[in-house]
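Undergrad: First to last, the sequence lines map onto chains F and Y.
Going by the working numbering, the first residue of the first sequence is number 1, and it counts up by one from there.
Going by the working numbering, the first residue of the second sequence is number 1001, and it counts up by one from there.
Just dropping this structure here.
2 protein chains.
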Amino acid sequence: MKRGCKYGTHRVIEPKEVLPQPAVKVCNDMNIFDNEILIDVQALNIDSASFTQIEEECEGDIEKIKEKILEIVNNKGKMQNPVTGSGGMLIGRIEKIGNTLKDKTNLKIGDKIATLVSLSLTPLKIDEIIDIKPDIDRVEIKGKAVLFESGIYATLPEDMEETLALAALDVAGAPAQTRKLVKKGETVLVLGAAGKSGMLCCYEAKKKVGKNGKVIGLIRNEKSRDFLNYTGFCNEIIVADAQKPTQVLNEVLRVNEGKEVDIAINCVNVENTEMSSILPVRDEGIVYFFSMATSFTKAALGAEGVGKDVTMIIGNGYTKNHAEITLEDLRECDTLRKIFEDLYV
Amino acid sequence: MKRGCKYGTHRVIEPKEVLPQPAVKVCNDMNIFDNEILIDVQALNIDSASFTQIEEECEGDIEKIKEKILEIVNNKGKMQNPVTGSGGMLIGRIEKIGNTLKDKTNLKIGDKIATLVSLSLTPLKIDEIIDIKPDIDRVEIKGKAVLFESGIYATLPEDMEETLALAALDVAGAPAQTRKLVKKGETVLVLGAAGKSGMLCCYEAKKKVGKNGKVIGLIRNEKSRDFLNYTGFCNEIIVADAQKPTQVLNEVLRVNEGKEVDIAINCVNVENTEMSSILPVRDEGIVYFFSMATSFTKAALGAEGVGKDVTMIIGNGYTKNHAEITLEDLRECDTLRKIFEDLYV
């Protein structure tokens, strides 16, 4: 009988008495505790901010990216990018269920699941990297991982390819939070509207705002305009550099009769886009940061600096039923499913 | 006629096209534009996280702290700590009002004001550091600063000492946000309850929760217990290390009949306290981060990692009437005023 902490603190090597996510190093010994689950891992979906950072550092060289990923996992016992702090998720089959969990879960040996907790806290051991697909931030591996008692997961659905489900589940927090936040008749600005989470947010926002509301999608280049237009998820599309807040503000005002928006949702995976999300929002509006490249101090001090009384929310990767909501989006919208199949699978 | 951007972008030296807060360097030339205000600065109140970091780096040596502050301001044109990213506020007298602002403001030459925008975006030139008071994070200087058109400020009140008003205005966002967030009957956990902003949050929370609610104050050492007890702002006081989330969780459950709290307010100015704020909060509860040492990714991924469906808010240093609310607290509560006079003046 070897029972660990529900939250996985028994695996933390350093520093002492912290949780696995902030830990610098966790134990990736694959002899599981009685309240852990062992996963035979097939693929990692690296968080977009993390993958972009590694890709840039390695100048796009696949072999260097492989080395970098192995180096991180060997050093930290988990795939947590030391620069961005972020992780991603994984897909695999249940290999072993700890004794005390057997009666508490519906999982069976061999079930295919996706973990919905971040790789940044999941003990991982990579035996071999088989392939890297940089266009979908995916790393196919031979390896094992451990799911803690508090760890959330989704059993992969029968009615869609696993790569499709995984691609969507990776950003499941964003559309589910959007559904909760946005109200009928509101005007919503989505920054990074043509990206994976941005597109899902636009879709959910469009459903929620209804006929009298408006979804404004911000994209970086003209070349994404046709694509975003084709989805039909935005009422207005604007092109601006999200790192240039006054440019963004002016474009928003131009397409919104000179008015500020009610809600801004930031899905841009580069740094220094906090103010572009804050400036266009009306007093007492909401700014929802889903991007892992967000800086807490830049947002807090930035809003104060321009005297903006807005509520700024840290995008929580988890909210109730987020997996179901996101998979439902793919089922009910053929356009969305087709795009996901084309771009992320 | 020399009119600058309302938000001060005309002063940004690098990188191009960003706002003054994220800028690495701003222009601190003291020939003001027509929509700027020149301030003859008397003192800086450095943000607590920033001052603590500088103090530790300089091993508490006052001369080294002086050098460090001068180095930062000479390099960046503003007093923004390069490690924490945070600033603070300043006090001074109006020296000159730009032509286009003369009709828009009630300010007169010679008025004593406190800026309510962060030092992290305020062009500043220090001629001389006169004194440093490390116990109140205060730096007395000879120097000048520039307030942009969008910059908020408070004229210092007649019925209290300027140092008292300044000490309170420095953290005005926290109590004002607490007043907005907390509802009757709720249970509120304040981390860092014996600190300046923590104490104000406890005071506001206690007023709002009423008889059937509860305020739990978390402090680091037993030695603060008598002090916090004396204030009467908390129903329960717990002693725990905010960097140890499981310890914090257990203490909260112990004094709250095994239940999680509705709201946690983080006012701890050290790193790695995100999870201690998240773990004790009930599903669909609120975590309000006022600490500038908060990491966005640690909060976002941390909540996901433990499957907590909580709303996490980035403490906005500004909210409507925050200066008035905070000064009102000092006026209506003698205990609070006395403590502020004893500790922060």
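C-beta: ideal position from N, C-alpha, C; glycine also.
Predicted model only: the values in this text are computed from it and were never measured.
(1) Check distances from the C-beta atoms of the stretch 1012 to 1023 of chain Y to those of chain F and list, in chain order, the residues that come in under 9 Å.
(2) Kindly indicate the opening and closing residues of the beta strand (DSSP E) around Y:R1093.
(3) Going along chain F in order, which residues have a C-beta closer than 7 Å to the C-beta of Y:A1299?
(4) Where does Y:E1260 land, buried or exposed, given buried means 16+ other C-beta within 10 angstroms?
(5) What ranges does the alpha helix (DSSP H) occupy inside the stretch 1181 to 1258 of chain Y, keeping only unbroken runs of at least 4 residues that lie completely in it?
(6) Cβ of F:F296 less than 8 Å from any chain A Cβ?
(7) For F:N99 and F:K108, I'd like the C-alpha separation in whole angstroms.
(8) Under the three-state reduction of DSSP, which class applies to Y:I1032: helix, strand or coil?
(9) Strictly under 8 Å for the Cβ-Cβ distance: is F:M30 near chain Y by that measure?
(10) Throw me the rounded Cβ distance for the F:P280 and F:A303 pair, which I believe falls under 8 Å.
(11) Taking the alpha-carbon positions, what's the Y:L1019 to F:F296 distance?
(12) Within the 8 Å Cβ cut-off, does F:N272 reach chain Y?
(13) Can you tell which of F:G143, F:K207, F:Q243 and F:D241 has its C-alpha closest to the C-alpha of F:L234?
(14) Does Y:V1345 come within less than 8 Å of chain F when only Cβ atoms are used?
(15) In chain Y, which residues lie less than 9 Å from F:T246 when you measure between Cβ atoms?
(16) In chain Y, what lies closer than 7 Å to F:I152 by C-beta?
(17) Residues of chain F with CB under 8 Å from Y:Y1318, in chain order?
(18) Could you pull out every residue in the same chain whose Cβ sits closer than 8 Å to the Cβ of F:R254, ignoring the five residues on either side in sequence?
(19) With DSSP run on the structure shown, which of helix, strand or coil describes Y:I1129?
(20) Over the uninterrupted beta strand (DSSP E) stretch that includes Y:M1312, give me the two end residues.
(21) Hey, how far is the Cα of Y:C1202 from the Cα of F:N266?
(22) Using a cut-off of 8 Å between C-beta atoms, extract the partners of Y:Q1042 located in chain F.
(23) Kindly indicate if chain Y contains any beta-carbon less than 8 Å away from that of F:G285.
(24) Would you kindly report the start and end of the unbroken alpha helix (DSSP H) that includes Y:F1051?
(25) Would Y:P1015 be called buried (16 or more neighbouring beta carbons within 10 Å of its own) or exposed?
(26) Counting contacts by CB-CB distance shorter than 8 Å, is F:M292 in contact with chain Y?
(27) By the DSSP assignment, the beta strand (DSSP E) with F:G143 in it spans what residues?
(28) I'd like to confirm the pairing. Which residues does DSSP put opposite Y:I1325 in its beta bridges?
(29) Starting from the Cα of Y:T1178, find the closest Cα among Y:E1251, Y:F1340 and Y:F1290 and give me that residue.
(30) At a Cβ threshold of 8 Å, is F:V239 touching chain Y?
TA: Quick look at the numbers:
(1) Those residues of the stretch 1012 to 1023 of chain Y that come within reach of chain F (Cβ to Cβ, closer than 9 Å) are P1015, K1016, E1017, V1018, L1019, P1020, Q1021 and P1022.
(2) As a position in the second sequence, residue 1093 of chain Y is number 93, starting the count at 1. Looking at the DSSP string, the run of the beta strand (DSSP E) that includes Y:R1093 is G1088 to I1097.
(3) Working through the second sequence from its first residue, we reach residue 1299 of chain Y at position 299. The contacting residues are I314.
(4) As a position in the second sequence, residue 1260 of chain Y is number 260, starting the count at 1. When all chains shown are included, Y:E1260 counts as buried.
(5) Within the stretch 1181 to 1258 of chain Y, the complete alpha helix (DSSP H) segments at least 4 residues long are 1196 to 1209, 1225 to 1231 and 1245 to 1255, listed from N- to C-terminus.
(6) Going by chain labels, chain A is absent from the structure shown, which instead holds the protein chains F and Y.
(7) Here residue 99 of chain F refers to the residue found at position 99 when the first sequence is read from its first residue. Here residue 108 of chain F refers to the residue found at position 108 when the first sequence is read from its first residue. Linking F:N99 to F:K108 through their CA atoms gives a straight-line distance of about 13 Å.
(8) Here residue 1032 of chain Y is taken as the residue at index 32 of the second sequence, counted from 1. Secondary structure of Y:I1032 (DSSP, three-state): coil.
(9) Numbered from 1 along the first sequence, position 30 holds the residue referred to as residue 30 of chain F. No, F:M30 lies away from the interface with chain Y (no Cβ there is under 8 Å from its Cβ).
(10) If you number the first sequence from 1, residue 280 of chain F lands on position 280. If you number the first sequence from 1, residue 303 of chain F lands on position 303. In fact, because the Cβ distance is near 12 Å, the residues do not count as touching under 8 Å.
(11) Locating residue 1019 of chain Y in the second sequence gives position 19, counting from the first residue. Locating residue 296 of chain F in the first sequence gives position 296, counting from the first residue. Cα to Cα, the separation comes out at about 16 Å.
(12) Here residue 272 of chain F refers to the residue found at position 272 of the first sequence. Closer than 8 Å to some Cβ of chain Y, the Cβ of F:N272 qualifies, so yes.
(13) Position 234 of the first sequence holds residue 234 of chain F. Checking the sequence shown, residue 234 of chain F turns out to be Cys, not Leu. In terms of Cα proximity to F:C234, the closest of F:G143, F:K207, F:Q243 and F:D241 is F:K207.
(14) Indexing the second sequence from 1 puts residue 1345 of chain Y at position 345. The Cβ of Y:V1345 sits no closer than 8 Å to any Cβ of chain F.
(15) Against the first sequence, residue 246 of chain F aligns to sequence position 246. Contact of F:T246 with chain Y by beta-carbon distance below 9 Å involves C1005, Y1007, T1009, E1017 and L1019.
(16) Along the first sequence, read from residue 1 onward, the residue named residue 152 of chain F stands at position 152. Going along chain Y in sequence order, the residues near F:I152 (Cβ under 7 Å) are G1307.
(17) Looking up residue 1318 of chain Y in the second sequence gives position 318. For Y:Y1318, the residues of chain F that pass the 8 Å Cβ criterion are A303, E304, G307, K308 and D309, in the order they occur in the chain.
(18) Numbered from its first residue, the first sequence carries residue 254 of chain F at position 254. So the qualifying residues of the chain are I238.
(19) Here residue 1129 of chain Y refers to the residue found at position 129 of the second sequence. Collapsing the DSSP output to three states places Y:I1129 in a strand.
(20) As a working mapping, residue 1312 of chain Y is identified with position 312 in the second sequence. T1311 to I1314 is the span of the beta strand (DSSP E), which, as asked, contains Y:M1312.
(21) Position 202 of the second sequence, counting from 1, holds the residue named residue 1202 of chain Y. Position 266 of the first sequence, counting from 1, holds the residue named residue 266 of chain F. Whole-angstrom Cα-Cα distance: 32 Å.
(22) Here the question's residue 1042 of chain Y lines up with position 42 in the second sequence. Correct list: empty, because the minimum Cβ distance to chain F is about 21 Å.
(23) Here the question's residue 285 of chain F lines up with position 285 in the first sequence. No, F:G285 lies away from the interface with chain Y (no Cβ there is under 8 Å from its Cβ).
(24) Looking up residue 1051 of chain Y in the second sequence gives position 51. Run containing Y:F1051: S1048 to E1057, per the alpha helix (DSSP H) assignment.
(25) Translated into the one-based positions of the second sequence, residue 1015 of chain Y becomes position 15. When all chains shown are included, Y:P1015 counts as exposed.
(26) On the first sequence, residue 292 of chain F is found 292 positions in, with the first residue counted as 1. Among the residues facing chain Y, F:M292 is included, as its CB has a counterpart in that chain under 8 Å away.
(27) Against the first sequence, residue 143 of chain F aligns to sequence position 143. Where F:G143 is concerned, the enclosing beta strand (DSSP E) starts and stops at R138 to L147.
(28) Translated into the one-based positions of the second sequence, residue 1325 of chain Y becomes position 325. Looking at the DSSP assignment, Y:I1325 forms no beta bridge with any residue, so it has no partner.
(29) Working through the second sequence from its first residue, we reach residue 1178 of chain Y at position 178. Minimum Cα distance to Y:T1178 is reached at Y:F1290.
(30) For the purposes of this step, residue 239 of chain F is identified with residue 239 of the first sequence, where counting begins at 1. Not an interface residue.
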